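S.K.: In this text, residue positions in the sequence shown follow this note's numbering: the first is 14, and each later residue adds one.
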Amino acid sequence: MPRPSTQKTICRMPEVSVFKPAGIHISAREKIILTLEEFESIRLADKLGLYQDKAAESMGTSRQTFARILDSAHKKVATALVESRPLVIEGGNVKFCTKDSCHTHPGCSTRDSEGKV
Numbered sequence: 014m015p016r017p018s019t020q021k022t023i024c025r026m027p028e029v030s031v032f033k034p035a036g037i038h039i040s041a042r043e044k045i046i047l048t049l050e051e052f053e054s055i056r057l058a059d060k061l062g063l064y065q066d067k068a069a070e071s072m073g074t075s076r077q078t079f080a081r082i083l084d085s086a087h088k089k090v091a092t093a094l095v096e097s098r099p100l101v102i103e104g105g106n107v108k109f110c111t112k113d114s115c116h117t118h119p120g121c122s123t124r125d126s127e128g129k130v
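1. Can the beta-carbon of E99 be found less than 8 angstroms from the beta-carbon of R56?
2. Label L47 either buried or exposed according to how many other C-beta atoms from any shown protein chain fall within 10 Å of its C-beta, with 16 as the threshold for buried.
3. Could you spell out where the beta strand (DSSP E) holding I46 opens and where it closes?
4. Does the structure place the region 99 to 111 close enough to the region 14 to 31 that three or more beta carbon pairs sit under 8 angstroms?
5. Mark T92 as exposed unless 16 or more other C-beta atoms lie within 10 angstroms of its C-beta, in which case mark it buried.
6. Does E96 pass the burial test, meaning 16 or more other C-beta atoms within 10 Å, or should it be called exposed?
7. With 16 other CB atoms within 10 Å as the buried threshold, where does L83 fall?
8. In terms of residue numbering, what span does the beta strand (DSSP E) encompassing V107 cover?
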């Protein structure tokens, strides 16, 4: 029996949860599901440029697990782009960061307009 997965900490929900190719109805192609932790891994590593060890720490996981999550996310995004398939961000085993643990997340939704927690 596999070990149960632990909740990963994420900063916030994405502003938009569905991306689809223009001119193609969303039901015309099989959609790809990107989990919330995969979305967060892309945000931390690719958008914010955090090293994997720091990004893993902010998500409350090991660097190896973070690397697996990020690799899965990259493959799903690449498949969606190359095969012109809809990408839906949903699901996953996540919890939201609290103000006390959010000091590593620039732009976190729990920060005020001046960037303070």
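Note that CB positions come from ideal geometry on N, CA and C, so glycine has one too.
Since we're looking at a predicted model, the values are computed, not measured.
M.R.: In short:
1. Your numbering for residue 99 matches position 86 in the sequence shown. Your numbering for residue 56 matches position 43 in the sequence shown. Just to set this straight, residue 99 is Pro in the shown sequence, not Glu. The answer is no: Cβ separation not under 8 angstroms.
2. Counting from one through the sequence shown, the residue named residue 47 turns up at place 34. Buried, because 16 or more other Cβ atoms sit within 10 Å of the Cβ of L47.
3. For the purposes of this step, residue 46 is taken as residue 33 along the sequence shown, with counting starting at 1. From DSSP, the beta strand (DSSP E) with I46 extends over 45 to 47.
4. yes
5. The sequence position of residue 92 within the sequence shown is 79, counting from 1. When all chains shown are included, T92 counts as exposed.
6. In the sequence shown, the residue the question calls residue 96 occupies position 83. E96 is exposed by the Cβ-count criterion.
7. Reading the sequence shown from its first residue, position 70 is the one you call residue 83. With 16 or more other Cβ atoms within 10 Å, it is buried.
8. Along the sequence shown, one-based indexing puts residue 107 at 94. It spans 107 to 109 - the beta strand (DSSP E) in which V107 sits, taken as one unbroken run.
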